[in-house]
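Going from the sequence shown to my numbering is simple: count from 1 and add 803.
These notes concern the structure reproduced below.
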Amino acid sequence: MLQRAISPIRRRLDRVGIGLSGLCALHCLLSIVLVSGLGIGGEFFLAPELHRWGLVVATLIAAVAIGWGALRHRMAAPFVIAMTGLTFMGGALAVPHGMKEAVLTIIGVALVSLGHILNMRHCHSAACKERCGD
């Protein structure tokens with residue numbers, strides 16, 4: 804009974820993770836265009852605090868939604884893919900702002916988003932319904 808109530812929360816967290824990943828990728832692309840192309844918004848778009856907090860939020864959501872799914876379903880792929888993405892995002896914090904940072908971040912958010920998608924797809928699969936009862 805409790806598991807049925809918790810399952811929608813995990814799915815919502817996966818959806819939030821996918822949405823935030825998309826917003827992060829959009830932020831990276833807009834930063835490149837606005838700051839390098841037009842020379843505006845650098846103090847906001849390139850603020851290191853924004854990127855650090857984004858990584859913290861992404862890590863928390865991935866830890867709860869994907870970690871929870873990995874423990875419940877015993878599927879490694881969503882977890883490994885998402886953690887690889889978080890590693891890319893963390894690596895982006897170690898390079899100077901610019902194209903390298905944007906590329907690392909976009910690769911990272913794409914992988915984190917893919918981890919969330921795989922997690923959600925498994926929850927909707929017949930194998931999950933049969934094995935986990937979700």
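Where a beta carbon is used, it is the ideal one built from N, C-alpha and C, also for glycine.
Proximal residues to residue i (C-beta, below 8 Å), its chain only, five neighbours per side dropped
{"i": "Phe882", "result": "Ile869, Gly870, Gly872, Ala873, Gly918"}
{"i": "Thr862", "result": "Leu889"}
{"i": "Val860", "result": "Leu823"}
{"i": "Arg855", "result": "Leu896"}
Among the options, the one whose alpha carbon lies nearest that of residue i
{"i": "Val836", "options": "Gly893, Met902, Ala880", "result": "Met902"}
{"i": "Ile821", "options": "Ala885, Arg855, Pro899", "result": "Ala885"}
{"i": "Leu921", "options": "Trp856, Arg855, Ala880", "result": "Ala880"}
{"i": "Val819", "options": "Ile909, Ile910, Pro851, Ile864", "result": "Ile864"}
{"i": "Thr887", "options": "Ile910, Pro811, Met878", "result": "Ile910"}
{"i": "Ala895", "options": "Ala866, Cys831, Arg877", "result": "Cys831"}
{"i": "His900", "options": "Leu853, Ile812, Met878", "result": "Leu853"}
Run of the alpha helix (DSSP H) containing residue i, from where it starts to where it stops
{"i": "Ala880", "result": "879-897"}
{"i": "Gly872", "result": "851-876"}
Beta-carbon proximity list for residue i, same chain, < 7 Å, skipping 5 on both sides
{"i": "Met923", "result": "Arg814, Asp817"}
{"i": "Gly893", "result": "Leu858"}
{"i": "Val898", "result": "Glu904, Leu907"}
Integer-rounded CB distance, given that residue j should sit under 8 Å from residue i
{"i": "Val824", "j": "Val915", "result": "Before going on, a small fix: residue 824 reads as Ser here, not Val. Yes, they are in contact, since the Cβ atoms of Ser824 and Val915 sit about 5 Å apart, within 8 Å."}
Cut-off 6 Å between Cβ atoms - residues of its own chain near residue i, not counting five sequence neighbours on either side
{"i": "Val912", "result": "Ser824, Cys827, Ala828"}
{"i": "Ala866", "result": "none"}
Contact test: residue i Cβ vs the ligand FMN heavy atom, cutoff 6 Å
{"i": "Leu816", "result": "This structure does not include the ligand FMN; it has no bound ligands of any sort."}
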